[in-house]
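Enquirer: Just passing along the structure, written as structure tokens.
Numbering (our numbering), first residue to last: 2 to 455.
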């Protein structure tokens, strides 16, 4: 070999470059795979549940401790937000068919009613645990991580089986899931075995004994049940959660899930505990905004059913997550716009947006940004309005929103069919420039891309 390199010195340099690249690639691979776990920011001193002697952070709240397994399972299924992903619009709850539109195709959620042919009626307890914790369905069929089993793996067996008992109490619905349309190689389910080996810990929740009982309850609810990181944490090269940027926000299914770290500018550090708890339970806080899209569903179908103590535990846990700034999010402005300012620089620069706002938006949202109809429709202070990317503003205009309020339901109509891509972009830019910290610069192509992701 030495003689070969002496004879061909260029080959020696090529070999060194190849070796160096291999070392760099190997180091990058290990950096990604050996990333921190979801609660490692709090220290790695953890204990198994049987060795934890404070209040049990798992299961249901104390006032449901003696309830039937089905009642407990219903609470836990809501805490785990099962309905939102397993219910297609206009279909029976939990009957599946919800579309996950991905860059490489569309994936549909499964029917989890107890129908024996198209649902989970044939699942034993062991089968159910295998699916929830390991992402393995019947006959070894691998599940895609759109089913957040890498988060659910922290759920205890008892809690998972209580959810199963609730699901089996439902009326069976015969509803075959549509065929997935994933492109090669993403349509090869067996590849998920390798993904799971690298990124699914397959271990149950372990409390941090130096933290309070409330903190550990919040950690269990956030990480094992509500799986907040699945939307609010960016993903690495292999589409696993990158906990080095935990809760700093990312775009999921055409919606931006915002930074929920303690950063005061781009996160929730400037919110009071009461404001954060109210937002989680109701989905609206004055001068901060209203939940819509997937977050609106999470509030209405999941978080809104949790007890005040459990919401408080979630807040306590979120408060402990280190602050990391999202540089692309400027400080939100909460100023009201003078009502007389209907014309002027914004209107002159964007007459199409101003015209559409006047005809379709102003009656509910108001010219000042403070709704004359319902607080949920107020713009001032809302993170989405102050986000110059304006993804969520455009998405709400396109697809509308429907939310529960203390006084009934609030409905924002969908305008996607009423206006062209250029018109949707124009009114989006008008709204963010008029009421936000920095106007967006949406164009028709941006709206067309969002339509494809719906």
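For glycine and all other residues, C-beta sits at the position ideal for the given N, C-alpha and C.
In whole angstroms, what separates the C-alpha of residue 298 from that of residue 322?
Expert: Indexing the chain shown from 1 puts residue 298 at position 297. Indexing the chain shown from 1 puts residue 322 at position 321. Their backbone Cα atoms lie some 24 Å apart in a straight line.
Enquirer: Assuming residue 254 and residue 413 form a contact by the criterion Cβ under 8 Å, report the distance between their Cβ atoms to the nearest whole angstrom.
Expert: As a working mapping, residue 254 is identified with position 253 in the chain shown. As a working mapping, residue 413 is identified with position 412 in the chain shown. About 18 Å; that fails the 8 Å criterion.
Enquirer: From the DSSP output, read off the bridge partner residues of residue 102.
Expert: On the chain shown, position 101 is the one that residue 102 refers to. According to DSSP, residue 102 bridges with 107.
Enquirer: Closest to residue 434 by C-alpha separation, out of 49, 207, 350, would be which residue?
Expert: Along the chain shown, read from residue 1 onward, the residue named residue 434 stands at position 433. Checking every option, the nearest Cα to that of residue 434 belongs to 350.
Enquirer: Which of helix, strand or coil does DSSP assign to residue 256?
Expert: Here the question's residue 256 lines up with position 255 in the chain shown. DSSP places residue 256 in strand when its eight states are reduced to three.
Enquirer: How is the beta strand (DSSP E) around residue 410 delimited, first residue to last?
Expert: By one-based count along the chain shown, residue 410 stands at place 409. Counting along the chain, the beta strand (DSSP E) containing residue 410 begins and ends at 409-413.
Enquirer: Any contact between the region 209-226 and the region 148-164? By contact I mean 3 or more CB pairs, one from each, below 8 Å.
Expert: A contact exists between the region 209-226 and the region 148-164.
Enquirer: Do the region 62-76 and the region 230-237 touch if we need at least three Cβ pairs shorter than 8 Å?
Expert: The region 62-76 vs the region 230-237: no contact.
Enquirer: Contact check, residue 356 vs residue 37 under 8 Å by CB: the rounded distance?
Expert: If you number the chain shown from 1, residue 356 lands on position 355. If you number the chain shown from 1, residue 37 lands on position 36. Between residue 37 and residue 356 the Cβ distance is about 50 Å, and since that is not below 8 Å, they are no contact.
Enquirer: Do the region 101-110 and the region 135-148 make contact, defined as three or more Cβ pairs closer than 8 Å?
Expert: Short answer: they touch.
Enquirer: If you follow the beta strand (DSSP E) that residue 402 is part of, which residue opens it and which one closes it?
Expert: By 1-based counting over the chain shown, the position of residue 402 is 401. Looking at the DSSP string, the run of the beta strand (DSSP E) that includes residue 402 is 402-406.
Enquirer: Are the beta-carbon atoms of residue 251 and residue 172 separated by less than 9 Å?
Expert: The residue you call residue 251 lines up with position 250 of the chain shown. The residue you call residue 172 lines up with position 171 of the chain shown. No, Cβ-Cβ distance for residue 251 and residue 172 is not below 9 Å.
Enquirer: Per DSSP, which one or two residues make a beta bridge with residue 88?
Expert: One-based indexing of the chain shown puts residue 88 at position 87. Residue 88 pairs with 97.
Enquirer: From the DSSP output, in three-state form, read off residue 446 for me.
Expert: For the purposes of this step, residue 446 is taken as residue 445 along the chain shown, with counting starting at 1. In the structure shown, residue 446 sits in a helix (DSSP, three-state: H, G or I).
Enquirer: Is it the case that the region 272-279 contacts the region 360-376, given that we only count it when at least three CB pairs across the two stretches are under 8 Å?
Expert: No, the region 360-376 is not in contact with the region 272-279.
Enquirer: For my contact list, residue 302 and residue 84 are in at a C-beta cut-off of 8 Å; report their separation, rounded to the angstrom.
Expert: Mapped onto the chain shown, residue 302 falls at position 301. Mapped onto the chain shown, residue 84 falls at position 83. That pair is a contact at about 5 Å.
Enquirer: Let me check one thing: in DSSP terms, what residues is residue 236 bridge-paired to?
Expert: Locating residue 236 in the chain shown gives position 235, counting from the first residue. BP columns for residue 236 point to 242.
Enquirer: Residue 411 and residue 397 - do their beta-carbons sit closer together than 9 Å?
Expert: Translated into positions along the chain shown, residue 397 becomes position 396. Translated into positions along the chain shown, residue 411 becomes position 410. Their beta carbons are not under 9 Å apart, which means residue 397 does not touch residue 411 by this criterion.
Enquirer: Where does residue 121 sit, in a helix, a strand or coil, going by DSSP?
Expert: Here residue 121 corresponds to residue number 120 of the chain shown, with the count starting at 1. Reduced to three states, the DSSP call for residue 121 is coil.
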